[in-house]
Amino acid sequence: MNLTDNQFEDLLTVITPFAIGELEDVVEFENKNDEQREEVMKVCIKSLEVGVVLLAKLLKDDAIDLSQLENLSSLIRENKLQEAADIINKNNE
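Sequence positions in the sequence shown follow numbering that gives the first Met the number 0 and run 0 to 92.
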């Protein structure tokens, strides 16, 4: 699957808040200074970027609904995380 730069950015936008939420359950940020927190976030973001690239290479062209991806990305950018999560959960039923 060949993603455009905008589609790649949309996919990262959709995945990142959910991944960061999971990261916060695993890493105790309270015990880290600002530099350590920044390093953890850099590793997380880079891992997400690599994962999205690999995912795009492994998926067939019709595996991602790109119009829905754009919609989800817009909702997340507007900080409508619950609405985005509801759409994702509805699609997984």
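Here a beta-carbon is modelled for each residue, glycine too, at the ideal position from N, C-alpha and C.
Here V25 is exposed, its C-beta having fewer than 16 other C-beta atoms within 10 Å.
For L68, the CB contacts under 7 Å within the same chain, skipping 5 residues up- and downstream, are Q6, D9, L10, V13 in chain order.
For a cut-off of 8 Å, the C-beta gap from K31 to V39 is around 7 Å, short enough to register as a contact.
The beta-carbon distance between L2 and A55, rounded to whole angstroms, is 5 Å. This is short enough to meet the 8 Å contact definition.
It is roughly 26 Å from the alpha-carbon of E29 to the alpha-carbon of R76. CA-to-CA, the gap between C43 and L74 works out to about 22 Å.
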